[in-house]
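Visitor: Read left to right, the sequence shown gives residues 0 to 339 (numbering that gives the first Met the number 0).
Virtual Cβ for every residue (Gly too), placed ideally from N, Cα, C.
Predicted, not measured: the structure shown is a model, and the values here were computed from it.
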Amino acid sequence: MSNEATSKLPTVELGTGGPLVGVQGLGCMGMSEFYGPTDTTEALATLDAALAAGVTLFDTADIYGSGHNEELIGPFVRAHREQVVLATKFAIERRADDPTYRGVRNDPAYIRSAVDASLRRLGVDVIDLYYMHRRDPQVPLAESVGAMAELVTAGKVKHLGLSEVTGAELREAHAVHPIAAVQSEWSLFSRDVERTVVGAAAELGIAFVPYSPLGRGFLTGSFANADQLAADDFRRSMPRFTGPNAAANAALVAPIQQVAEERGVTAAQVALAWVHQQAEVHKLVVVPIPGTRKRTRLAENAAAATLTLTAAELALLEPIGGEVAGNRYADMSFSSAGRE
Ligand SMILES: NC(=O)c1ccc[n+]([C@@H]2O[C@H](COP(=O)([O-])OP(=O)(O)OC[C@H]3O[C@@H](n4cnc5c(N)ncnc54)[C@H](OP(=O)(O)O)[C@@H]3O)[C@@H](O)[C@H]2O)c1
């Protein structure tokens, strides 16, 4: 079985020795929950449109819709198994009786049961890239990564990844077993990963998979305040999108829109192009995974991978990251920056 897809997007190796993937992936999370109403027919059409646009890395996790997202994309993955590079994640526990509860589990017994549950929901016999979604500092990292490495030996997983780890944690993990990719938030207004994580990944030949590269949609100008979102939209709980922070942050979108107008492209494309260009700045492989539920976004987002911003445009966008009001999570212990 080969995952080396024929892709319209340029392809890159996802970490040293990792699979070849289109240089932009697809985040499937919103197809199940968090960002407003979902539509299964449109979601499935979006998966097909992504593949047609040259996307081969498809990103899900066991918690997205509490298993729903893995079940949703499973038939698509199976139908295109040779082309799709399937990434999923474990570590975040939820409770049916408390929708806001989030626990973090990194212990080997949990990892062993989580992978089997994901394989069952996806209906596949191997996961191409298996991420630890969050770090529980109470469990020695060598124990967790050791358990993940055993899944590679058992043939259940091909490559390992980590999400929201610090640079030091990435180095420690990579010494136990090669890590193909680190997935963390990275965008024009979430740049804390540049402190330690990006440099460690570059040095170790680990690919960076930026999640929320569109700032959860905010950088596209599609909403300016969480009040405009559905009542159950997860972004209502995020400090950047409410109250005075939202007003301050909405003003930061203006230079993105200015560049977009001058170039005849969309704000989403400018925000995504900036993320892609960090590969050259920091000398590492960068494969952003913008999320969408709509097939109409696919060609637009894919085109951003080959849009090059000029030095003057980059300079105009540079101040945004330093001026953002509010943390990217209400509880920053949920992020790598909270442990740096
Ligand atoms: N590892 C982690 O902890 C973690 C955390 C969060 C997310 N993720 C992964 O990363 C993926 C992407 O992150 P994300 O979904 O949080 O944020 P994102 O990609 O920054 O933004 C997604 C939002 O932008 C909108 N959007 C997409 N393309 C657009 C365009 N061209 N113009 C205007 N709006 C556009 C989407 O709405 P529509 O659906 O209406 O297009 C959606 O509301 C997720 O799907 C998930 O797989 C991982």
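By DSSP, does Y109 sit in helix, in strand, or in coil?
Guide: Correct three-state label for Y109: helix.
Visitor: Report yes or no: do three or more beta-carbon pairs, one from the stretch 299-310 and one from the stretch 12-30, lie closer than 8 angstroms?
Guide: Output reads yes: the stretch 12-30 touches the stretch 299-310.
Visitor: Using three-state DSSP, classify E260 as helix, strand or coil.
Guide: Correct three-state label for E260: helix.
Visitor: Among S186, S335, G337 and R294, which one has its Cα closest to the Cα of L313?
Guide: Of S186, S335, G337 and R294, the residue nearest in Cα terms is S186.
Visitor: Could you tell me the distance, in whole angstroms, from the CA atom of D330 to the CA atom of A230?
Guide: Rounded to the nearest angstrom, the two C-alpha atoms are 21 angstroms apart.
Visitor: Within 10 angstroms of its Cβ, does G14 collect 16 or more other Cβ (buried), or is it exposed?
Guide: With 16 or more Cβ atoms within 10 Å of its Cβ, G14 is classed as buried.
Visitor: Would you mind sorting D61 into buried or exposed? The rule is 16 or more other CB atoms within 10 Å of its CB.
Guide: When all chains shown are included, D61 counts as buried.
Visitor: Going straight from the alpha carbon of L213 to that of E317, what length do you get?
Guide: Straight-line Cα distance between these residues: approximately 15 angstroms.
Visitor: Which word fits V164, buried or exposed, when buried means at least 16 other C-beta atoms lie within 10 angstroms of its C-beta?
Guide: With 16 or more Cβ atoms within 10 Å of its Cβ, V164 is classed as buried.
Visitor: If we ignore side chains and look at the alpha-carbon of each, how far apart do T309 and V138 end up?
Guide: Whole-angstrom Cα-Cα distance: 45 angstroms.
Visitor: Using DSSP's beta-bridge definition, name the partner residues of A86.
Guide: Answer by DSSP bridge pairing, in chain order: D58 and L128.
Visitor: Which term fits D58, buried or exposed, when burial requires 16 or more other beta carbons within 10 angstroms of its beta carbon?
Guide: Flag for D58 reads buried.
Visitor: Leaving out five residues before and five after I288 in sequence, what residues of the same chain have Cβ atoms less than 8 angstroms from its Cβ?
Guide: Closer than 8 angstroms at Cβ, skipping near neighbours: Q23, G24, L25, G26, L56, D58, Q182, V208, P209, Y210 and P212.
Visitor: In chain order, which continuous runs of the alpha helix (DSSP H) of length 4 or greater are located wholly inside the stretch 134-160?
Guide: Qualifying alpha helix (DSSP H) stretches, in chain order: 140-152.
Visitor: Is the shortest distance between the beta-carbon of Y109 and the beta-carbons of chain E less than 8 angstroms?
Guide: Among the chains in the structure shown there is no chain E, since it carries only a single protein chain.
Visitor: Within the same chain, show all residues whose beta-carbon is closer than 7 angstroms to that of P238, passing over the 5 residues directly before and after it, in chain order.
Guide: Cβ neighbours of P238 beyond the five flanking positions: N244, G325, N326 and A329.
Visitor: Taking only three categories from DSSP, how would you classify P254?
Guide: Here P254 sits in helix by DSSP.
Visitor: Express the C-alpha separation of A180 and Q277 in angstroms, rounding to a whole number.
Guide: Q277 and A180: Cα-Cα distance of roughly 16 angstroms.
Visitor: If you count every other CB in all the chains shown that lies within 10 Å of the CB of E184, and 16 or more means buried, which is it?
Guide: With 16 or more Cβ atoms within 10 Å of its Cβ, E184 is classed as buried.
Visitor: So does D135 have its beta carbon nearer than 7 angstroms to some heavy atom of ligand 1?
Guide: Outside the cutoff, so no.
Visitor: With a threshold of 7 angstroms (Cβ to nearest heavy atom), would I288 be considered close to ligand 1?
Guide: For ligand 1, at least one heavy atom lies less than 7 angstroms from the Cβ of I288.
Visitor: In terms of alpha-carbon separation, which member of A90, N105, L46 and R104 lies closest to R77?
Guide: R77 has its Cα closest to that of L46, out of A90, N105, L46 and R104.
Visitor: For H173 versus M147, is the C-beta spacing smaller than 8 angstroms?
Guide: The answer is no: Cβ separation not under 8 angstroms.
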